[in-house]
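All remarks here apply to the structure that follows.
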Amino acid sequence: MPLVSPKLLRATVIALVLILIVALWQFQSNTFQQLSHLNHINGNGDNGNINENGASSSLTAVAAGTIDWSRFAYVQYVTNTAYLCNSVMLFEILNRLQSKADRLLMYPSSFSVDTEDDSTESKLLRKARDEYKVKLVPILVQSRSGGDSTWAESYTKLLAFNQTQYDRVLSLDSDSTILQTMDELFLLPSAPVGMPRAYWLNFAEPVLSSQLVLIQPSEFEFKRVMDAISSASSRDYDMEIVNNLYKDSAFILPHRPYNLITGEFRSKQHSDYMGNSEEQWDPEKILHEAKFLHFSDWPVPKPWVPASPSVIQGKQPTCDMNLVTGHEDNCRARDIWLGFYDDFARRRMYLSERESDAR
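Going left to right, the sequence shown walks through residues -9 to 349 as the working numbering numbers them.
Written as structure tokens, this is what we have:
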């Protein structure tokens, strides 16, 4: 019997390569910084194998500063005006953080970018293109009849597998906030798909999260995805599709720091996110190290949907015991959590005001 299982060995290799890439990347360029507005809170292969030569090549390129970033792209998809606004907000962050990879937005072909079009959609698309250097790709929204439209149209995300003009794309859900640039993920060893675990789901088998997906686009993988969509059951959406296809072959991105959910700050049990039961939960430390934050706080609605004060009051994180004062007045997690929603509202209002001024 082998001393180390192949899956554990592969996960260890991925983690070590990622650490090396980040270390070299930070040595060459100090582009990783926390979002300034959040700092104010609380004060080419398709074989799926870990390729040693590929890892070595990526590390050499980082050290030499010879990476062709036009081969990579952050990708988002939109199906309606609300999510278009969210996507533009994320691209604004990537632009402000000076991320090096391209930015690509897949949007409904029914939306116009004509300068004569005075619609909100047209103005937002032009803003993304002209101010945040986003490449616009019109697409047909992939959908099915019945059910909530957000879930029914989630197949559209999987069109990222067809963006073969790039060697690798990082698909991000737009109901999120980017805390730090994630350029280093593009330099990981070759594999068709990389995803973090949905660590908050207590299922018998681990589940991959589709909130952040690292993809090597190809005709072969795109056909597999489209075939899976055509044969999907009425309960299968994008998350089920990618899990059915890649649960045994995707390499696992560490959810810490690449897949933090806002609901973690409401939880009283953090070992699933921390990866152990010994480390003490420190909300400020977790915020500082996280790179991608997804808004997930049911029954609290998404941050662009108004929530009643009673819902916020009832579902916000409780204060913890302060070992110094002996009272439950350690409210750091609550303040950080409220800050996420306040920050989103401020940035969305700012974007709306600028869009109105442009009329």
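Backbone N, C-alpha and C fix where the C-beta goes; we use that ideal spot for every residue, glycine too.
For this session: Spell out a yes or no on whether the region 293 to 302 and the region 257 to 266 are touching, meaning 3 or more CB-CB pairs, one atom from each, closer than 8 Å.
Result: With fewer than three CB-CB distances shorter than 8 Å, the region 293 to 302 does not count as touching the region 257 to 266.
For this session: Taking only the alpha-carbon atoms, compute the straight-line gap between residue 157 and residue 106 and give it to the nearest angstrom.
Result: For the purposes of this step, residue 157 is identified with residue 167 of the sequence shown, where counting begins at 1. For the purposes of this step, residue 106 is identified with residue 116 of the sequence shown, where counting begins at 1. C-alpha of residue 157 to C-alpha of residue 106: approximately 35 Å in a straight line.
Problem set entry | Beta carbon of residue 306 nearer than 8 Å to that of residue 328 | Your numbering for residue 306 matches position 316 in the sequence shown. Your numbering for residue 328 matches position 338 in the sequence shown. Yes, the pair counts as a contact, with Cβ atoms nearer than the cut-off.
Exercise. Which whole runs of the alpha helix (DSSP H) in the region 129 to 217 are 4 residues long or more, in chain order?
Worked result: DSSP runs (the alpha helix (DSSP H)) wholly in the region 129 to 217: 139 to 142.
Exercise. Do residue 251 and residue 288 have their C-beta atoms within less than 8 Å of each other?
Worked result: Here residue 251 refers to the residue found at position 261 when the sequence shown is read from its first residue. Here residue 288 refers to the residue found at position 298 when the sequence shown is read from its first residue. For residue 251 and residue 288, no; Cβs fall outside 8 Å.
For this session: Kindly indicate which residue of 227, 276, 186 has the alpha-carbon position closest to the one of residue 239.
Result: Position 249 of the sequence shown, counted from the first residue, corresponds to residue 239. Closest option to residue 239, Cα to Cα, is 186.
For this session: Just confirm the distance between the C-beta atoms of residue 204 and residue 183, as a whole number of angstroms; I'd bet it's less than 8 Å.
Result: Start at 1 with the first residue of the sequence shown, and residue 204 comes out as number 214. Start at 1 with the first residue of the sequence shown, and residue 183 comes out as number 193. Rounded to the nearest angstrom, the Cβ distance from residue 204 to residue 183 is 7 Å, consistent with a contact under 8 Å.
Problem set entry | residue 303 - DSSP class collapsed to helix/strand/coil | Position 313 of the sequence shown, counted from the start, is the residue given in the question as residue 303. Residue 303: helix per DSSP, three-state reduction.
Problem set entry | Extent of the continuous beta strand (DSSP E) run through residue 65 | Residue numbering aside, residue 65 sits at position 75 when the sequence shown is read from its first letter. For residue 65, the uninterrupted beta strand (DSSP E) segment begins and ends at 62 to 67.
Problem set entry | Terminal residues of the beta strand (DSSP E) in which residue 98 lies | Sequence index remark: in the sequence shown, residue 98 carries index 108 (1-based). Per DSSP, the continuous beta strand (DSSP E) segment holding residue 98 begins and ends at 92 to 98.
Exercise. Which whole-angstrom value is the C-beta distance of residue 272 and residue 145, which I expect to be below 8 Å?
Worked result: As a first step, residue 272 is located in the sequence shown; it is residue number 282 there, counting from the start. As a first step, residue 145 is located in the sequence shown; it is residue number 155 there, counting from the start. About 39 Å separates the two Cβ atoms, so there is no contact after all.
Exercise. Between which two residues does the beta strand (DSSP E) containing residue 242 stretch?
Worked result: The residue given as residue 242 occupies position 252 in the sequence shown. Here the beta strand (DSSP E) through residue 242 covers 241 to 243.
Exercise. Do you know offhand how far residue 81's Cα is from residue 165's?
Worked result: Here residue 81 refers to the residue found at position 91 of the sequence shown. Here residue 165 refers to the residue found at position 175 of the sequence shown. Approximately 12 Å between the Cα atoms of the pair.
For this session: Kindly list the residues whose CB is nearer than 6 Å to the CB of residue 312, restricted to its own chain and excluding five residues on each side of it in sequence; keep chain order.
Result: In the sequence shown, counting from the first residue as 1, residue 312 sits at position 322. Here the set comprises 319, 320.
Exercise. For residue 211 versus residue 151, is the C-beta distance shorter than 8 Å?
Worked result: Mapped onto the sequence shown, residue 211 falls at position 221. Mapped onto the sequence shown, residue 151 falls at position 161. Residue 151 sits close to residue 211, with the two beta carbons spaced by under 8 Å.
Exercise. Taking the alpha-carbon positions, what's the residue 99 to residue 148 distance?
Worked result: Numbered from its first residue, the sequence shown carries residue 99 at position 109. Numbered from its first residue, the sequence shown carries residue 148 at position 158. Distance between the alpha carbons of residue 99 and residue 148 is about 16 Å.
Exercise. Of all Cβ atoms in chain C, is any one closer than 8 Å to the Cβ of residue 231?
Worked result: Judged by its chain identifiers, the structure shown contains no chain C, having just a single protein chain.
Exercise. Where in the region 244 to 281 do unbroken runs of the beta strand (DSSP E), each at least 3 residues long, occur, reported from the N-terminal end onward?
Worked result: You should have found no qualifying run.
For this session: Report all residues from its chain with a CB closer than 8 Å to the CB of residue 364; omit the five preceding and five following residues, and keep chain order.
Result: With the chain represented from -9 up to 349, any question about residue 364 goes unanswered, as that position is not in the structure.
Exercise. Cβ of residue 175 within 8 Å of Cβ of residue 160?
Worked result: As a position in the sequence shown, residue 175 is number 185, starting the count at 1. As a position in the sequence shown, residue 160 is number 170, starting the count at 1. Going by C-beta atoms, residue 175 is nearer than 8 Å to residue 160.
For this session: Could you check what DSSP says for residue 126 in three-state terms: helix, strand or coil?
Result: Residue mapping note: residue 126 aligns to position 136 of the sequence shown, counting from 1. Looking at residue 126 - three-state DSSP - the assignment turns out to be strand.
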